[in-house]
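The working numbering numbers the first residue of the sequence shown as 113 and each following residue consecutively.
Note that CB positions come from ideal geometry on N, CA and C, so glycine has one too.
No experiment lies behind these values; they were computed from the predicted model shown.
Notes to accompany the following structure.
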Amino acid sequence: MKTAIYPGSFDPVTYGHLDIIGRAAKLFDKLIVLVSTNPAKPDCFFTLEERMDFLKRSFNTLKNPENIEVDTHDGLLVDYFKKREADVIVKGLRAMSDFEAEFQMALVNKDLFYKAETVFLAADVTGTFLSSSMVKQIAMFGGDISAFVPHTILTDIQAKLKIKKQK
Ligand code: ADP
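Structure representation (structure tokens):
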């Protein structure tokens, strides 16, 4: 039984994340999508509860979401990795720009715990330009984000972003 962890801020989840989630869930017996309370990204726009809720409500777009779990962890990823007796950390790579930071993180995690292997999945062609920040910026200016996030969470995202814009 191989367990993979896909960590990220998912602020908010996009079709790019969901593509990685769907493909990783097929490759491993269990996939844990780990929503971070990342100190390097303290300025998440959506709360932890909202980000977890958006993820769960997005899984109806996936073919076989049965082996996917959403969880959160406040602390080192490798500590969670040990606790869950995981086998692999999954990350998505959109372009060379993702590579340096992701490569560094993979090396650090391996150094902290020798069993913490990272597997990189190349982004889907249509997802290479897609990021949570881009989605937030477009929505904040009233643009159409329906091609980037699932229909089930679209109105909640738009509603909160519009509230911010009005301030
Ligand atoms: P971001 O990097 O957009 O702030 P996250 O921290 O939530 O998003 O990213 C979590 C993981 O998902 C990272 O490995 C990141 O490279 C990957 N990822 C983010 N967006 C995409 C996408 N459009 N396609 C593939 N992987 C992605």
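Next on the checklist: To the nearest angstrom, how far is the alpha carbon of A234 from that of R206?
Outcome noted: 6 Å
Next on the checklist: Quick check on the burial criterion: 16 or more other C-beta atoms within 10 angstroms. Buried or exposed for F122?
Outcome noted: buried
Checklist entry - Can you tell me the Cα-Cα spacing of I250 and E162, whole angstroms? => result 19 Å
Next on the checklist: Only counting the same chain, and skipping five residues up and downstream in sequence, which positions put a Cβ closer than 8 Å to that of L266?
Outcome noted: I257, S258
Item to check | Assumed close pair L143, V190 - CB separation to whole angstroms, cut-off 8 Å | outcome: So it is not a contact: roughly 18 Å between Cβ atoms.
Checklist entry - What are the boundary residues of the alpha helix (DSSP H) that G364 is part of? => result Limits of the chain in this structure are 113 at one end and 279 at the other, which puts residue 364 out of reach.
Checklist entry - Are three or more beta carbon pairs between the stretch 194 to 204 and the stretch 171 to 182 nearer than 8 Å? => result no
Item to check | For L160 and N176, the rounded distance between their alpha carbons | outcome: 25 Å
Checklist entry - Which residues in the same chain as I180 place their Cβ atom closer than 6 Å to its Cβ, once the five residues preceding and following it in sequence are excluded? => result A137, L143
Checklist entry - Got a sec: does the ligand ADP put a non-hydrogen atom nearer than 7 Å to the Cβ of T126? => result yes
Item to check | Neighbour-count burial assignment, S244, 16 or more Cβ in a 10 Å radius | outcome: buried
Checklist entry - Going by the C-beta, is F193 closer than 7 Å to any heavy atom of the ligand ADP? => result no
Next on the checklist: Taking 7 Å as the limit between beta carbons, can you name the residues of its chain near R135, skipping five residues before and five after?
Outcome noted: L233
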